[in-house]
Amino acid sequence: MELTILQTGLISVLISFLVVYFVTPRFIPMLKRLKFGQAIREEGPQSHLEKSGTPTMGGLVIQLGVLVAVMLLSVLIGNWDFFPILVMLYFGAVGFVDDYIKVAKKHNLGLRAWQKMVLQCIGALAIALYAYYSPTIGSELVVPLMNQSVDFGIWYVPFTVIAVVAIVNAVNLTDGLDGLASGVSLIVAIFFFVGSLLLPHANTSIFIGAIIGGCLGFLRHNSNPADIFMGDTGSMALGGAIVVMAIITQLQIFLLIAGGLFVIEALSVVIQVGYFKSTGGKRFFKMAPIHHHFELSGWSETRVVTVFWVVTAIFVTIAFICLG
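31 is the number that the UniProt record's numbering gives to position 31 of the sequence shown; each next residue is one higher, with no gaps.
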(Lines of atoms letter the chains of each structure in order from A and count residues from 1; the text may use other names and numbers.)
(Lines give C-alpha, C1' and ligand atoms only; values in the text may rest on other atoms or scores of the structure.)
Protein backbone atom coordinates (compact mmCIF):
# COMPACT_ATOMS: atom_id res chain seq x y z
CA MET A 1 0.00 0.00 0.00
CA GLU A 2 1.39 3.37 -1.01
CA LEU A 3 1.24 5.96 1.76
CA THR A 4 -0.02 9.47 1.12
CA ILE A 5 2.01 12.55 2.08
CA LEU A 6 -0.32 13.12 5.03
CA GLN A 7 0.04 9.54 6.24
CA THR A 8 3.83 9.57 6.09
CA GLY A 9 3.86 12.90 7.91
CA LEU A 10 1.63 11.61 10.70
CA ILE A 11 3.64 8.41 11.05
CA SER A 12 6.75 10.58 11.35
CA VAL A 13 5.08 12.57 14.15
CA LEU A 14 4.35 9.33 16.01
CA ILE A 15 7.82 7.79 15.60
CA SER A 16 9.66 10.94 16.67
CA PHE A 17 7.29 11.45 19.61
CA LEU A 18 7.80 7.91 20.89
CA VAL A 19 11.59 8.08 20.57
CA VAL A 20 11.87 11.38 22.45
CA TYR A 21 9.21 10.48 25.02
CA PHE A 22 10.86 7.20 26.04
CA VAL A 23 14.56 8.03 25.51
CA THR A 24 14.58 11.32 27.46
CA PRO A 25 13.99 9.74 30.93
CA ARG A 26 16.97 7.45 30.28
CA PHE A 27 19.07 10.33 28.98
CA ILE A 28 18.57 12.50 32.09
CA PRO A 29 20.50 10.23 34.53
CA MET A 30 23.42 10.09 32.09
CA LEU A 31 23.56 13.90 31.93
CA LYS A 32 23.49 14.02 35.73
CA ARG A 33 26.41 11.56 35.97
CA LEU A 34 28.37 13.69 33.50
CA LYS A 35 27.39 16.78 35.55
CA PHE A 36 25.97 18.48 32.46
CA GLY A 37 23.84 20.87 34.46
CA GLN A 38 22.50 24.24 33.37
CA ALA A 39 24.34 27.32 34.68
CA ILE A 40 21.81 30.07 35.36
CA ARG A 41 22.90 33.63 34.55
CA GLU A 42 23.09 35.71 37.71
CA GLU A 43 21.55 38.77 36.06
CA GLY A 44 18.40 36.79 35.21
CA PRO A 45 15.26 36.46 37.37
CA GLN A 46 16.20 35.36 40.88
CA SER A 47 13.46 32.72 40.82
CA HIS A 48 15.44 30.88 38.14
CA LEU A 49 18.47 30.31 40.37
CA GLU A 50 16.78 27.24 41.86
CA LYS A 51 16.92 25.67 38.39
CA SER A 52 20.70 25.67 38.45
CA GLY A 53 22.05 22.19 37.82
CA THR A 54 19.04 20.96 35.85
CA PRO A 55 20.37 18.66 33.09
CA THR A 56 20.80 20.45 29.78
CA MET A 57 21.60 19.48 26.16
CA GLY A 58 18.20 17.77 25.89
CA GLY A 59 18.14 18.99 22.31
CA LEU A 60 20.24 15.93 21.46
CA VAL A 61 17.22 13.72 22.12
CA ILE A 62 14.97 15.86 19.93
CA GLN A 63 17.49 15.53 17.11
CA LEU A 64 17.69 11.78 17.70
CA GLY A 65 13.92 11.45 17.40
CA VAL A 66 13.91 13.45 14.18
CA LEU A 67 16.78 11.39 12.73
CA VAL A 68 15.14 8.06 13.53
CA ALA A 69 11.79 9.11 12.06
CA VAL A 70 13.27 10.59 8.88
CA MET A 71 15.65 7.67 8.28
CA LEU A 72 13.01 4.97 8.79
CA LEU A 73 10.41 6.63 6.60
CA SER A 74 12.90 7.62 3.91
CA VAL A 75 13.81 3.94 3.62
CA LEU A 76 10.12 3.05 3.50
CA ILE A 77 9.26 5.44 0.67
CA GLY A 78 12.61 4.96 -1.07
CA ASN A 79 13.35 8.67 -1.33
CA TRP A 80 16.04 10.62 0.53
CA ASP A 81 16.43 14.34 1.17
CA PHE A 82 19.30 15.16 3.52
CA PHE A 83 19.07 18.95 3.21
CA PRO A 84 16.70 19.73 6.13
CA ILE A 85 18.40 17.17 8.38
CA LEU A 86 21.85 18.64 7.68
CA VAL A 87 20.58 22.16 8.47
CA MET A 88 19.17 21.01 11.81
CA LEU A 89 22.34 19.09 12.69
CA TYR A 90 24.64 21.96 11.72
CA PHE A 91 22.99 24.49 14.00
CA GLY A 92 22.54 21.81 16.65
CA ALA A 93 26.32 21.28 16.52
CA VAL A 94 26.96 25.01 16.98
CA GLY A 95 24.65 24.95 19.98
CA PHE A 96 26.31 21.82 21.34
CA VAL A 97 29.74 23.47 21.30
CA ASP A 98 28.25 26.48 23.07
CA ASP A 99 26.61 24.26 25.71
CA TYR A 100 29.71 22.12 26.19
CA ILE A 101 31.87 25.14 26.91
CA LYS A 102 29.32 26.30 29.47
CA VAL A 103 29.12 23.00 31.35
CA ALA A 104 32.89 22.48 31.16
CA LYS A 105 33.62 25.91 32.64
CA LYS A 106 30.59 25.81 34.97
CA HIS A 107 29.26 29.23 33.95
CA ASN A 108 26.69 30.59 31.49
CA LEU A 109 29.16 31.99 28.95
CA GLY A 110 29.89 29.69 26.03
CA LEU A 111 31.00 30.72 22.57
CA ARG A 112 31.66 34.42 22.10
CA ALA A 113 28.96 36.34 20.24
CA TRP A 114 31.17 36.90 17.21
CA GLN A 115 32.10 33.23 17.05
CA LYS A 116 28.46 32.17 16.98
CA MET A 117 27.65 34.84 14.39
CA VAL A 118 30.47 33.70 12.09
CA LEU A 119 29.39 30.06 12.32
CA GLN A 120 25.75 30.99 11.78
CA CYS A 121 26.55 33.17 8.76
CA ILE A 122 28.67 30.46 7.17
CA GLY A 123 25.84 27.96 7.58
CA ALA A 124 23.22 30.46 6.40
CA LEU A 125 25.16 31.29 3.23
CA ALA A 126 25.59 27.60 2.38
CA ILE A 127 21.87 27.02 2.94
CA ALA A 128 20.86 30.02 0.84
CA LEU A 129 23.08 29.02 -2.08
CA TYR A 130 21.91 25.40 -1.98
CA ALA A 131 18.25 26.46 -1.97
CA TYR A 132 18.82 29.02 -4.73
CA TYR A 133 20.32 26.44 -7.10
CA SER A 134 18.03 23.58 -6.02
CA PRO A 135 15.53 22.54 -8.73
CA THR A 136 12.94 21.73 -6.04
CA ILE A 137 13.26 25.01 -4.11
CA GLY A 138 14.65 27.85 -6.24
CA SER A 139 14.31 31.59 -5.70
CA GLU A 140 10.52 31.84 -5.67
CA LEU A 141 8.61 32.70 -2.50
CA VAL A 142 4.89 32.60 -1.83
CA VAL A 143 3.65 36.11 -0.98
CA PRO A 144 0.88 36.51 1.64
CA LEU A 145 -2.60 37.33 0.26
CA MET A 146 -1.37 37.14 -3.36
CA ASN A 147 -1.92 33.39 -3.66
CA GLN A 148 1.08 33.17 -5.99
CA SER A 149 4.87 32.93 -5.96
CA VAL A 150 7.25 35.77 -6.75
CA ASP A 151 10.76 35.16 -8.07
CA PHE A 152 13.26 37.10 -5.95
CA GLY A 153 16.13 36.31 -8.28
CA ILE A 154 19.61 36.78 -6.82
CA TRP A 155 18.10 38.80 -3.94
CA TYR A 156 16.82 35.48 -2.62
CA VAL A 157 20.31 34.68 -1.31
CA PRO A 158 20.85 37.68 1.03
CA PHE A 159 17.18 37.52 2.09
CA THR A 160 17.58 33.88 3.07
CA VAL A 161 20.90 34.46 4.87
CA ILE A 162 19.30 37.17 7.00
CA ALA A 163 16.23 35.00 7.64
CA VAL A 164 18.30 32.01 8.77
CA VAL A 165 20.51 33.96 11.17
CA ALA A 166 17.58 35.95 12.54
CA ILE A 167 15.32 32.96 13.21
CA VAL A 168 18.05 30.76 14.72
CA ASN A 169 18.88 33.53 17.20
CA ALA A 170 15.22 34.38 17.82
CA VAL A 171 14.38 30.78 18.77
CA ASN A 172 17.48 30.70 20.95
CA LEU A 173 16.32 33.85 22.77
CA THR A 174 12.83 32.36 23.24
CA ASP A 175 14.28 29.39 25.12
CA GLY A 176 14.15 30.94 28.57
CA LEU A 177 11.16 29.35 30.34
CA ASP A 178 10.08 25.75 30.85
CA GLY A 179 8.25 24.56 27.75
CA LEU A 180 8.30 27.92 25.98
CA ALA A 181 10.58 27.32 22.98
CA SER A 182 9.45 23.71 22.46
CA GLY A 183 5.77 24.64 22.67
CA VAL A 184 6.01 27.66 20.37
CA SER A 185 8.13 25.69 17.88
CA LEU A 186 5.54 22.90 17.90
CA ILE A 187 2.71 25.30 17.03
CA VAL A 188 4.70 27.05 14.31
CA ALA A 189 5.72 23.68 12.83
CA ILE A 190 2.04 22.74 12.49
CA PHE A 191 1.61 25.64 10.07
CA PHE A 192 4.45 24.43 7.88
CA PHE A 193 3.21 20.84 8.13
CA VAL A 194 -0.06 21.92 6.51
CA GLY A 195 1.96 23.87 3.94
CA SER A 196 4.00 20.75 3.18
CA LEU A 197 0.84 18.88 2.20
CA LEU A 198 0.62 21.14 -0.86
CA LEU A 199 3.99 19.87 -2.10
CA PRO A 200 4.40 16.85 -4.39
CA HIS A 201 7.03 14.96 -2.35
CA ALA A 202 6.67 13.29 1.03
CA ASN A 203 10.12 14.00 2.47
CA THR A 204 9.10 17.51 3.46
CA SER A 205 6.14 16.36 5.54
CA ILE A 206 8.29 13.62 7.08
CA PHE A 207 10.87 16.09 8.37
CA ILE A 208 8.32 18.62 9.63
CA GLY A 209 6.24 15.86 11.21
CA ALA A 210 9.35 14.59 12.99
CA ILE A 211 9.97 18.06 14.44
CA ILE A 212 6.38 18.22 15.68
CA GLY A 213 6.67 14.78 17.30
CA GLY A 214 10.05 15.62 18.82
CA CYS A 215 8.78 18.84 20.39
CA LEU A 216 5.65 17.10 21.67
CA GLY A 217 7.65 14.29 23.27
CA PHE A 218 10.15 16.72 24.79
CA LEU A 219 7.38 18.84 26.30
CA ARG A 220 6.46 15.91 28.55
CA HIS A 221 9.79 16.36 30.32
CA ASN A 222 10.39 20.07 29.68
CA SER A 223 7.12 21.56 30.93
CA ASN A 224 7.16 23.33 34.29
CA PRO A 225 8.92 22.19 36.41
CA ALA A 226 11.36 20.98 33.76
CA ASP A 227 13.30 17.76 34.32
CA ILE A 228 15.63 18.71 31.47
CA PHE A 229 16.48 21.76 29.35
CA MET A 230 17.06 21.61 25.60
CA GLY A 231 20.00 24.03 25.86
CA ASP A 232 21.45 25.82 22.86
CA THR A 233 21.91 22.33 21.42
CA GLY A 234 18.14 22.18 21.08
CA SER A 235 17.14 25.80 20.55
CA MET A 236 19.60 26.39 17.71
CA ALA A 237 18.70 23.05 16.13
CA LEU A 238 15.01 23.98 16.32
CA GLY A 239 15.77 27.42 14.93
CA GLY A 240 17.53 25.82 11.98
CA ALA A 241 14.70 23.30 11.57
CA ILE A 242 12.00 25.96 11.57
CA VAL A 243 13.73 28.19 9.04
CA VAL A 244 14.49 25.24 6.74
CA MET A 245 10.80 24.28 6.91
CA ALA A 246 10.01 27.74 5.56
CA ILE A 247 12.69 27.41 2.87
CA ILE A 248 11.61 24.02 1.50
CA THR A 249 7.93 25.04 1.46
CA GLN A 250 8.78 28.46 -0.08
CA LEU A 251 6.91 30.09 2.83
CA GLN A 252 9.76 32.14 4.29
CA ILE A 253 7.76 35.36 4.31
CA PHE A 254 5.01 33.61 6.25
CA LEU A 255 7.56 32.84 8.97
CA LEU A 256 7.33 36.51 9.97
CA ILE A 257 3.62 35.92 10.64
CA ALA A 258 3.42 32.36 11.98
CA GLY A 259 6.64 32.91 13.94
CA GLY A 260 5.54 36.32 15.17
CA LEU A 261 6.32 35.39 18.77
CA PHE A 262 9.94 34.70 17.81
CA VAL A 263 10.06 38.10 16.11
CA ILE A 264 8.69 39.82 19.22
CA GLU A 265 11.23 38.06 21.47
CA ALA A 266 14.13 39.14 19.25
CA LEU A 267 12.84 42.71 18.86
CA SER A 268 12.48 43.07 22.62
CA VAL A 269 16.21 42.43 23.00
CA VAL A 270 17.08 44.87 20.20
CA ILE A 271 14.85 47.54 21.76
CA GLN A 272 16.25 46.93 25.23
CA VAL A 273 19.88 47.19 24.11
CA GLY A 274 19.25 50.20 21.89
CA TYR A 275 17.28 52.05 24.56
CA PHE A 276 19.88 51.21 27.22
CA LYS A 277 22.72 52.63 25.11
CA SER A 278 20.84 55.73 23.93
CA THR A 279 19.61 56.73 27.40
CA GLY A 280 22.80 56.05 29.29
CA GLY A 281 21.63 53.01 31.21
CA LYS A 282 17.82 53.17 31.37
CA ARG A 283 15.76 50.07 30.56
CA PHE A 284 12.71 49.95 28.29
CA PHE A 285 11.61 46.56 29.68
CA LYS A 286 12.17 45.30 33.19
CA MET A 287 14.24 42.58 31.56
CA ALA A 288 14.71 41.18 28.07
CA PRO A 289 13.82 38.94 26.31
CA ILE A 290 10.23 40.00 26.88
CA HIS A 291 9.12 36.79 28.63
CA HIS A 292 11.29 37.85 31.58
CA HIS A 293 9.59 41.26 31.59
CA PHE A 294 6.25 39.58 32.27
CA GLU A 295 7.81 37.36 34.93
CA LEU A 296 9.14 40.42 36.79
CA SER A 297 5.73 42.04 36.38
CA GLY A 298 4.25 39.34 38.60
CA TRP A 299 3.17 36.69 36.10
CA SER A 300 3.92 33.07 36.98
CA GLU A 301 6.19 31.18 34.62
CA THR A 302 3.32 28.87 33.65
CA ARG A 303 1.07 31.83 32.85
CA VAL A 304 3.69 33.45 30.61
CA VAL A 305 4.24 30.22 28.69
CA THR A 306 0.51 29.56 28.28
CA VAL A 307 -0.20 33.09 27.05
CA PHE A 308 2.73 32.94 24.63
CA TRP A 309 1.43 29.63 23.25
CA VAL A 310 -1.99 31.20 22.71
CA VAL A 311 -0.44 34.24 21.03
CA THR A 312 1.51 31.91 18.74
CA ALA A 313 -1.68 30.03 17.87
CA ILE A 314 -3.26 33.37 16.92
CA PHE A 315 -0.28 34.26 14.71
CA VAL A 316 -0.48 30.85 13.03
CA THR A 317 -4.21 31.34 12.42
CA ILE A 318 -3.48 34.70 10.77
CA ALA A 319 -0.81 33.01 8.64
CA PHE A 320 -3.34 30.40 7.49
CA ILE A 321 -5.75 33.19 6.52
CA CYS A 322 -3.00 34.96 4.56
CA LEU A 323 -2.09 31.67 2.89
CA GLY A 324 -5.63 31.46 1.55
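C-beta atoms are modelled at their ideal positions from N, C-alpha and C, and glycine is treated no differently.
Under 8 Å between C-beta atoms of residue i and residue j
i	j	result
Gln115	Val168	no
Leu323	Leu197	no
Phe207	Ile85	yes
Leu3	Ile77	yes
Thr24	Ile318	no
Ala241	Met88	yes
Thr204	Gly92	no
Gly176	His293	no
Val263	Ala170	yes
Ser235	Gly59	yes
Beta-bridge partners of residue i, as assigned by DSSP
i	result
Thr140	Looking at the sequence provided, one finds Glu at residue 140 rather than Thr. Beta-bridge pairing links Glu140 to Asp151.
Expected contact under 8 Å - CB spacing of residue i and residue j to nearest Å
i	j	result
Ser223	Asp151	Going by Cβ atoms, the distance from Ser223 to Asp151 rounds to 43 Å, so no, they are not a contact pair.
Ile15	Ala69	4 Å
Val157	Leu129	6 Å
Asp99	Met57	5 Å
Asn172	Gly239	6 Å
Leu180	Phe17	The pair is not a contact, with the Cβ atoms about 19 Å apart (cut-off 8 Å).
C-alpha gap between residue i and residue j, whole angstroms
i	j	result
Pro55	Leu34	9 Å
Arg29	Val61	The amino acid occupying residue 29 in the given sequence is Pro; Arg does not appear at that position. About 13 Å.
Ile290	Asn79	42 Å
Ile127	Val161	8 Å
Ser52	Ala124	32 Å
Phe320	Thr174	23 Å
Ala189	Ala237	13 Å
Val316	Phe254	9 Å
Val142	Ile187	20 Å
Val273	Ile248	33 Å
Leu296	Lys282	16 Å
Ile211	Arg112	28 Å
Pro135	Lys286	48 Å
Ser12	Gly280	51 Å
Leu199	Leu73	17 Å
Ile271	Val75	47 Å
Glu140	Gln250	7 Å
Arg26	Ser278	49 Å
Gly183	Pro144	25 Å
Val66	Val310	25 Å
Ile314	Ser268	19 Å
Buried or exposed (CB count within 10 angstroms, at least 16 for buried), residue i
i	result
Tyr133	exposed
Gln148	exposed
Val19	buried
Met245	buried
Val304	buried
Met230	buried
Ile154	exposed
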